[in-house]
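Here is the structure we will look at, set down as structure tokens.
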Amino acid sequence: MNSSKMQKPDVTCDVAIIGAGTAGLSAERSARRSGAKTILIDEYFAGTTCASIGCMPSKLLLAAAKAAHSVSRAPLFGVNPKTLTVDGTAVMERVRNLRDAFVTSARKSIEDLPQDARIKGRAKFISADTLEIDGGFLRAKAIVIATGSFPGIPKTFADLPNILTNENVFELADLPDSLAVIGAGPLGLELAQAFARLGVDVCVFDEGDTIAALKDDAVAKSLRTLLEMEFPLHLGTKVNASRSGENIELVWSGRSNGKKIFSHVLVAAGRPPNLVNLGLENTGLELDEHGTPKFDRQTMRCGSANIFLAGDCDADVPVLHEASAEGAIAGNNAAKLPYASPSRRSTPLAITFTDPHSASIGKPCDDAAIVGAVDFSDQGRAKVEGRNAGLLRIYADSRGNLTGASLAVPEGEHLAHLLAWAIEMKHTAMQLLEMPIYHPTYEEGLRTALRQICDRIEISFAADRDAGLSPGV
Ligand SMILES: Cc1cc2nc3c(=O)[nH]c(=O)nc-3n(C[C@H](O)[C@H](O)[C@H](O)COP(=O)(O)OP(=O)(O)OC[C@H]3O[C@@H](n4cnc5c(N)ncnc54)[C@H](O)[C@@H]3O)c2cc1C
């Protein structure tokens, strides 16, 4: 068998993995290390979504936007650069050049696999243990589905010109003249801000009220206020699109009404699991109301079948480190069947790389949570840098155990990690306050919020003492 086509109709292995993205590669590695004979299947072997059309090219575009933004705000510091000019062709070329290097390195881990451990082709279940791949058949003791997700495109945009998704936006030869972004989630907002800072006339629309997937209303409001200084954000609006010559006219209604012609529309309205035409109906798996197999997120196993899910295709937490972790759990358990041992999942952590970064860490805030907050408009280091805006809120239980946090503050990606690690290590607010923090840093903002939590716990302990209750009840 070679990597381009199955030659034998009946190939067998211990663990077959469908999809050579982050989750699939991780599953293959983990199953192989656990002693299984593995076969990795992919329709294209084009490199992971992360490297080719996801995390990396979007961060490259944001890096260009950051450079432009730094120049445009230099006069704040008494520094007067010559007029800012953005060479859109050069921007997009750099994005693609560096992106291609990331893709090459992602492909290398596929090419390092022995020829007989990979098959290029589209896999489809014909039974719970057998896949059809371009007319050939593969039987496996266990199968990991790691087929990723794809950009959903609402009907109104079908068949219109200049509709972009994450799959083609990075192929633009130059920056668009104007851009409507459909979807105020992490993907939509990152790209909206990147293009806006590079001089594109950007407008964002979303039917819902949530931005950057933030569940904390106060933090979301703070982020929204800051983003709206750069581009309009129409939440709670329904959009209809029609062709207007080479452009697209959008008419929107709801919380705001209006119409405008855009040269391009970027659809970032969600990425459903890539499970269509996979033959799931031949597996006997129990599906949820969206057609996704039900699975256990501790073992990644689908019921008692020898089929596992990993990565974006399970519609659980569509971020890279979770895809990788899920792949490792699924691959290991697939290799060790019939025993599928549960793995502890790490503290939830999701970051949106807008400026300011926003993040959700741990559990969302609930009514019982004790909350400490810091408004970054008065944060020392943020003032120094002229970036003093945003809000950070930390949640703890009645004993001070840190449970979660939400933030939209400068350099928030680093604070989000500190908080996620503290929650992971089961620290209390008091313990985190004892950690060294250098001056003057953004991290000092944490102290303000943590002190508030400690003060509030002290007050509630005192109230409990007065009422004759034991502390923390
Ligand atoms: C624009 C964008 C920005 C992002 N930014 C971030 C970020 O900053 N941080 C972060 O953590 N996450 C980010 N993500 C999310 C992250 O990229 C994904 O969570 C991750 O790449 C999912 O990996 P995966 O292995 O599940 O899927 P993929 O990498 O998409 O792999 C799926 C593979 O399955 C193959 N396949 C599908 N069906 C079949 C079939 N029937 N037969 C054979 N092969 C098949 C496909 O060809 C593909 O290679 C971003 C995503 C996007 C789109």
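Residues 76 to 548 in the numbering used here are what the sequence shown spells out, letter by letter. Using N, Cα and C, we set each Cβ at its ideal position, and we do this for glycine too.
Could you check if residue i belongs to the surroundings of ligand 1, using beta carbon to heavy atom distance under 7 Å?
| i | result |
| --- | --- |
| lysine 134 | yes |
| proline 393 | yes |
| leucine 159 | no |
| histidine 432 | no |
| glycine 345 | no |
| leucine 254 | no |
| glutamate 364 | no |
| isoleucine 228 | no |
| aspartate 442 | no |
| glutamate 486 | no |
| leucine 526 | The identity of residue 526 in the sequence shown is arginine, whereas the question assumes leucine. Outside the cutoff, so no. |
| leucine 308 | no |
| glycine 263 | no |
| phenylalanine 232 | no |
| tyrosine 414 | no |
| threonine 358 | no |
| cysteine 388 | yes |
| isoleucine 93 | yes |
| aspartate 209 | no |
| threonine 222 | yes |
| asparagine 243 | no |
| histidine 599 | As displayed, the chain neither begins before 76 nor continues past 548, which places residue 599 out of reach and without an answer. |
| asparagine 349 | yes |
| phenylalanine 428 | yes |
| glutamate 246 | no |
| glutamate 533 | no |
| cysteine 377 | no |
| cysteine 529 | no |
| histidine 489 | no |
| histidine 396 | yes |
| alanine 121 | yes |
| cysteine 88 | no |
| isoleucine 116 | yes |
Along the beta strand (DSSP E) that carries residue i, what are the first and last residues, could you check?
| i | result |
| --- | --- |
| leucine 325 | 322-329 |
| alanine 217 | 211-220 |
| isoleucine 280 | It is phenylalanine, not isoleucine, that sits at residue 280 in the sequence shown. From DSSP, the beta strand (DSSP E) with phenylalanine 280 extends over 276-281. |
Can you check which of these residues, the options, is closest to residue i by C-alpha distance?
| i | options | result |
| --- | --- | --- |
| leucine 360 | Pro251, Arg346, Ile201 | Ile201 |
| glutamate 118 | Gln190, Asp450, Lys199 | Lys199 |
| aspartate 234 | Leu206, Ala444, Met375, Ala316 | Ala316 |
| serine 558 | Val484, Ala480, Ala443 | An answer regarding residue 558 cannot be provided, because it is not within the stretch 76 to 548 covered by the chain. |
| proline 439 | Arg318, Lys290, Arg197 | Lys290 |
| arginine 197 | Pro413, Leu508, Thr422, Gly354 | Gly354 |
| valine 277 | Ser418, Gly263, Leu424 | Gly263 |
| valine 146 | Leu137, Leu159, Pro511 | Leu159 |
| arginine 107 | Leu362, Ile528, Ala403 | Ala403 |
| isoleucine 445 | Leu477, Ile426, Ala192 | Leu477 |
| arginine 318 | Ser331, Ser473, Ser338 | Ser338 |
| valine 351 | Thr312, Thr367, Asp363 | Thr367 |
| phenylalanine 365 | Thr358, Cys377, Ser379, Pro348 | Note on identity: in this sequence residue 365 is histidine, with phenylalanine being the wrong assignment. Considering only alpha carbons, the answer is Pro348. |
| serine 418 | Glu397, Thr429, Ile426 | Glu397 |
| alanine 165 | Phe177, Glu356, Ala143, Arg182 | Ala143 |
| serine 379 | Ala464, Asp387, Ala385, Phe370 | Phe370 |
| alanine 217 | Arg182, Asp204, Val178, Ile208 | Asp204 |
| arginine 526 | Ile512, Asp539, Thr516, Met505 | Met505 |
| serine 481 | Thr285, Gly227, Asp292 | Asp292 |
| arginine 148 | Ile512, Lys296, Arg272 | Arg272 |
Can you give me the start and stop residues for the alpha helix (DSSP H) that residue i sits inside?
| i | result |
| --- | --- |
| threonine 179 | 163-186 |
| isoleucine 528 | 519-541 |
| glutamate 401 | 395-410 |
| cysteine 130 | 130-147 |
| leucine 115 | Element bounds for leucine 115: not the alpha helix (DSSP H) but the beta strand (DSSP E), 113-117. |
| histidine 309 | First-last for histidine 309: 308-310, but that is the beta strand (DSSP E), not the alpha helix (DSSP H). |
| histidine 339 | First-last for histidine 339: 339-342, but that is the beta strand (DSSP E), not the alpha helix (DSSP H). |
| alanine 288 | No alpha helix (DSSP H) contains alanine 288, which DSSP labels as neither H nor E. |
| serine 105 | 97-108 |
| glutamate 488 | 487-499 |
| leucine 466 | From DSSP, leucine 466 is part of no alpha helix (DSSP H) but of the beta strand (DSSP E) over 466-471. |
| lysine 458 | 455-459 |
Please confirm if residue i has its CB atom under 8 Å from at least one CB of chain B.
| i | result |
| --- | --- |
| arginine 182 | The structure shown contains no chain B; it holds only a single protein chain. |
Practice item. Examine the Cβ distances between the stretch 89-105 and the stretch 218-237 and report whether three or more of them are shorter than 8 Å. Key: yes
Review point. Using 8 Å as the Cβ pair cut-off and three pairs as the minimum, do the stretch 401-408 and the stretch 458-473 touch?
Key: no
Review point. Should the stretch 254-262 be called in touch with the stretch 334-342, which here means at least 3 C-beta pairs below 8 Å?
Key: yes
Check your understanding: Does the stretch 264-283 come within contact of the stretch 302-310, defined as at least 3 CB pairs closer than 8 Å?
Key -> yes
Review point. At a cut of 8 Å, does the stretch 98-118 reach the stretch 241-248 through at least three beta carbon pairs?
Key: no
Practice item. State whether the stretch 128-142 contacts the stretch 433-450, with contact taken as three or more CB pairs (one from each stretch) at a distance under 8 Å. Key: no
Review point. Is it true that the stretch 118-127 meets the stretch 152-168, where meeting means three or more beta-carbon pairs spaced less than 8 Å apart?
Key: no
Review point. Counting Cβ pairs closer than 8 Å, one from the stretch 490-504 and one from the stretch 417-425, do we hit at least three?
Key: yes
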